[in-house]
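Working notes, beginning with the structure itself.
In the working numbering, the protein residues as written are 72 to 427.
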């Protein structure tokens, strides 16, 4: 039997509830509700430009340029259809990625730049490149900043990418293109002890998921190191508490909170933006890439097919994969946009309920 744990109290900071977000935001931050994240991003970059100087200011000016390019590509994509739409979507996501990297300090235009991924002879695979000599590898730099660095050149099958795009996972499973569900919906709580001197987290999930998912894969690897089973409730729901409790004071609370959020990057947590805010899922069998990197690869793949592989493109657009591809191209770029804007601005950018 699991040992008894003291009750946790919901953590607050400056009288605001504390939630998990992977955006390096402050604890207790409120949602930035916007139906036009492009405008919010432009305004934020303009503020940063006005308060910066030197090389940082130059990088921010480039970031603004890239973000405006990204918006233009997305506007154009919305006015056309597949397969052309996929190419325009990819260039929108690519320019958003470059805006993100510019804000984070990467000097672009200094070297030749590479997508970092390519479509080879096998139309069902992509080649992913490691470090390139005298060349800026955009995909490698993006993956590194997302916390999942690329090590060496390798290949990945398109089906493995599709399986790791949570936005279309249930659709893929229903259509028989994904053999096993692997996204476990979870709740994440930040808690303190009664004396309010220790900060820790609890992750919980419902018993009903036992029949849908391979739950035995949850308590493995980094998650097994990070959590201890606190209890299995009478209804069978499971609650796992972080093994370590962090000492904190009011003054260092933001630093401790952000450190815990960084630790969660190793736990294969995926996020989806919904009308009720962000929802969290544990990927029980992840591939080697961050969920945003998987989406960037998938739009690169479809955009490349559109330009260079008409036979394969027509095969996909007239076959069983068509519903998945249309969903990726129609739905995922907006998810990508909100998450990248949140990462750039270090705020929690979300859609007003009336706009979803």
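In this text, a Cβ means the ideal position worked out from N, Cα and C, and glycines have one as well. Fair warning: this is a prediction, and the values are worked out from it, not measured in the lab.
Among the options, nearest to residue i - alpha-carbon criterion
i	options	result
residue 312	354, 388, 263	263
residue 405	156, 198, 164, 285	164
residue 178	132, 153, 201, 223	132
residue 258	353, 381, 423	353
residue 429	377, 320, 189	Residue numbering for the chain in the displayed model covers 72 to 427; residue 429 lies beyond these limits and cannot be assessed.
residue 234	222, 248, 77, 176	248
residue 218	225, 93, 237	93
residue 106	227, 409, 98	409
residue 216	228, 229, 174, 240	174
residue 351	382, 360, 399, 273	273
residue 398	204, 238, 139	238
residue 184	212, 330, 157	212
residue 337	359, 271, 276	359
residue 270	226, 227, 316	316
residue 60	205, 281, 326	This structure leaves residue 60 out entirely; the chain is present only between 72 and 427.
residue 166	99, 127, 407	407
residue 346	280, 144, 423, 123	423
residue 411	386, 381, 364	364
residue 141	110, 395, 122	110
residue 197	330, 367, 314	367
residue 136	121, 127, 122, 113	113
Cα-Cα separation between residue i and residue j, rounded to whole angstroms
i	j	result
residue 391	residue 209	32 Å
residue 168	residue 78	42 Å
residue 129	residue 172	13 Å
residue 195	residue 232	11 Å
residue 81	residue 118	34 Å
residue 261	residue 236	27 Å
residue 413	residue 420	5 Å
residue 427	residue 403	Unreliable placement is indicated for residue 427, whose pLDDT of 47 sits below 50; no coordinate value is reported for it.
residue 199	residue 266	50 Å
residue 383	residue 393	12 Å
residue 148	residue 207	27 Å
residue 328	residue 417	14 Å
residue 348	residue 335	19 Å
residue 343	residue 157	21 Å
residue 379	residue 155	12 Å
residue 278	residue 296	22 Å
residue 310	residue 223	38 Å
residue 115	residue 170	12 Å
residue 91	residue 361	17 Å
residue 332	residue 340	11 Å
residue 370	residue 400	7 Å
residue 134	residue 275	39 Å
residue 230	residue 124	45 Å
residue 96	residue 228	34 Å
residue 240	residue 280	15 Å
residue 459	residue 314	No information on residue 459 is available, as it lies outside the stretch 72 to 427 that the chain covers here.
Sheet register partners of residue i (DSSP bridge)
i	result
residue 312	273, 299
residue 104	421
residue 257	351
residue 199	188, 225
residue 341	352
residue 88	83
residue 112	None; residue 112 has no bridge partner.
residue 206	183
residue 318	269
residue 262	81, 271
Buried or exposed (CB count within 10 angstroms, at least 16 for buried), residue i
i	result
residue 188	buried
residue 192	exposed
residue 190	buried
residue 293	exposed
residue 243	buried
residue 301	buried
residue 268	exposed
residue 151	exposed
residue 389	exposed
residue 246	exposed
residue 322	exposed
residue 225	exposed
residue 145	buried
residue 220	exposed
residue 381	exposed
Item to check | Segment contact flag, the stretch 295-306 with the stretch 248-255, C-beta cutoff 8 Å, min 3 pairs | outcome: The stretch 295-306 vs the stretch 248-255: no contact.
Item to check | Three-pair Cβ contact test at 8 Å for the stretch 347-366 versus the stretch 276-288 | outcome: Contact holds: three or more Cβ-Cβ distances are below 8 Å.
Checklist entry - So does the stretch 148-161 actually touch the stretch 363-381, counting three or more Cβ pairs closer than 8 Å? => result Remark: three or more beta-carbon pairs, one from each stretch, lie closer than 8 Å, so the stretch 148-161 and the stretch 363-381 are flagged as touching.
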